[in-house]
Ligand code: MEV
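Numbering (this note's numbering), first residue to last: 5 to 438.
Below you can see the structure in the form of structure tokens.
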């Protein structure tokens, strides 16, 4: 893929969703320069085999497939992206593509990321004076950082490595006085769990010698707040017009909806679930650890002592809608499942990201767009109408409908306002009988 091709291509693909699956796949293959093997992977002919899966986890008895969709319209920092998303819930891919189109009208998303610095924790117990122990560790910090770099020379060669120590004395805990040492380590394009865990284990004996204490835990923190990504966007108010509702009113209703998520954890949980609908789907598509991503996002949302929203929405002086998001995004493009899973490799090719930081920035934009899609739907027609037609298709499929039968059976159920397995079976029988 030449840089020129990358610059020229647009993710604005009108009518993409109406094409048959094979045509969509062919269009994406051309867009991303996929080869025949990549295309076979997408069609499930050469994806993760049970034999490969057997090397990934324990007690494997097979593989489990999920839909891989592509969200269109994303413009992030002036570059076009097609976003691979693995998710089972209807409306997510359509919603995020629509929201990205709205953001495109305002110049797209602006994303930024911290350096990819992970935090590793070393827990030291049985120390009489945690402050004195902290002082001794601090005095030896240069040696500890050098030792950390020794464990991962490759990372250092790539420009990563130890970035610092933080000391967190807890004089009074249920387990007695405790010193927690944070090791900050730049993991470049890896998610970095293995790298940081190895570093913590490597440093533990020296830490014990310095503190005279006993090391217990040596593990990364999923609250990866040294590795945050942010994104923002502006939606021209007029673009938000929905039926008879003027755009400015929709913008106001979205800001009102977002205000509830800021003040109320009950709403914030659902609001943030919507954000993660998009981010998790990209994490899964690219073979990243979405549980770690979730843990980091929710811990970050609660950092002030009260769980709140991951996004902010407001209207500017022109009445246009503005949104922003910031959260830890610990994802990688090398190593781990990302490398071992054939479909994750193809998903990364479709994205075309060149660094973990670029992926994190795009994912923040996806989270913000997914949130906008949900808020816009909730503040206008509600989400059920869109959901119901897709839900009806799933029920029709489950009842055994195939090909054109799916749309016919689902369409009838939506018209009747009654979507159930029994009704789908009856309609299918009637259809086949005729
Ligand atoms: C559903 O998966 C996600 C939403 O509930 C998010 C939200 O309410 O903001 C629609």
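Glycine residues also receive a C-beta, built at the ideal position from the N, C-alpha and C atoms.
Computed from a predicted structure; not experimentally measured.
Checklist entry - Which first and last residues belong to the alpha helix (DSSP H) in which residue 141 is found? => result 134-143
Checklist entry - Within 10 angstroms of its Cβ, does residue 59 collect 16 or more other Cβ (buried), or is it exposed? => result exposed
Item to check | Contained beta strand (DSSP E) runs [length at least 3] in the region 27-76, N- to C-terminal order | outcome: none
Item to check | Cα-Cα separation between residue 433 and residue 100, rounded to whole angstroms | outcome: 36 Å
Checklist entry - Where does residue 220 land, buried or exposed, given buried means 16+ other C-beta within 10 angstroms? => result exposed
Next on the checklist: If I measure Cβ to Cβ from residue 178 and keep anything under 6 Å in the same chain, skipping five residues before and after, which residues do I get?
Outcome noted: none
Item to check | Start-end ranges of the alpha helix (DSSP H) lying completely within the region 88-140, minimum 4 residues | outcome: 96-108
Item to check | residue 378 Cβ short of 7 Å to ligand 1 heavy atom set | outcome: yes
Item to check | Buried or exposed (CB count within 10 angstroms, at least 16 for buried), residue 19 | outcome: exposed
Item to check | 4-residue-minimum alpha helix (DSSP H) runs that sit fully inside the region 350-424, ordered along the chain | outcome: 360-383, 388-402 and 408-420
Checklist entry - Between residue 162 and ligand 1, is the CB less than 7 Å from at least one heavy atom? => result no
Item to check | Beta-carbon gap between residue 383 and residue 403 smaller than 8 Å | outcome: no
Item to check | Coarse secondary structure for residue 157, derived from DSSP in three states | outcome: helix
Item to check | Outcome for residue 374 when other beta-carbon atoms lying within 10 angstroms are tallied against a minimum of 16 | outcome: buried
Checklist entry - Which residues in the same chain as residue 134 place their Cβ atom closer than 6 Å to its Cβ, once the five residues preceding and following it in sequence are excluded? => result 173, 175, 181 and 183
Checklist entry - So what's residue 186 in DSSP terms, helix, strand or just coil? => result strand
Checklist entry - DSSP puts residue 164 in a beta bridge; with which residues? => result Beta-bridge pairing links residue 164 to no other residue.
Checklist entry - Is it buried or exposed for residue 270, if we count other Cβ within 10 angstroms and need 16 for buried? => result exposed
Checklist entry - Which residues in the same chain have their Cβ closer than 8 Å to the Cβ of residue 57, if we skip the five residues on either side of it in sequence? => result 64, 66 and 67
Checklist entry - Counting Cβ pairs closer than 8 Å, one from the region 235-246 and one from the region 281-290, do we hit at least three? => result no
Checklist entry - Buried or exposed: residue 154, going by 16 or more other Cβ atoms within 10 Å of its Cβ? => result exposed
Item to check | Cutoff 7 Å; reference residue 267; Cβ partners in own chain excluding five residues on either side | outcome: none
Item to check | Nearest candidate by alpha-carbon position, reference residue 168, set 186, 156, 158 and 157 | outcome: 186
Checklist entry - Got a sec, what are the start and stop residues for the beta strand (DSSP E) residue 200 sits in? => result It is not in any beta strand (DSSP E) - residue 200 instead sits in the alpha helix (DSSP H) that spans 197-215.
Checklist entry - Considering only the beta carbon of each residue, do residue 333 and residue 265 sit closer than 8 Å? => result no
Item to check | residue 19: CB within 7 Å of a non-hydrogen atom of ligand 1 | outcome: no
Checklist entry - On the three-state DSSP scale, how would you describe residue 191? => result coil
Next on the checklist: Between which two residues does the beta strand (DSSP E) holding residue 252 run?
Outcome noted: No beta strand (DSSP E) contains residue 252, which is instead part of the alpha helix (DSSP H) from 251-267.
Next on the checklist: Measuring straight from C-alpha to C-alpha, what distance separates residue 360 and residue 428?
Outcome noted: 45 Å
Item to check | Contacts around residue 78, its chain only, beta-carbon distance under 6 Å, and the 5 residues preceding and following it disregarded | outcome: 15, 85, 87 and 104
Checklist entry - Buried or exposed: residue 380, going by 16 or more other Cβ atoms within 10 Å of its Cβ? => result buried
Checklist entry - Among 204, 292, 354 and 370, which has the Cα closest to the Cα of residue 13? => result 354
Checklist entry - Leaving out five residues before and five after residue 140 in sequence, what residues of the same chain have Cβ atoms less than 6 Å from its Cβ? => result 214
Checklist entry - From what residue to what residue does the beta strand (DSSP E) around residue 233 run? => result 232-239
Checklist entry - Distance, Cα to Cα, residue 399 vs residue 423? => result 7 Å
Next on the checklist: Using a 10 Å radius around the Cβ and a threshold of 16 neighbouring Cβ atoms, would you call residue 120 buried or exposed?
Outcome noted: buried
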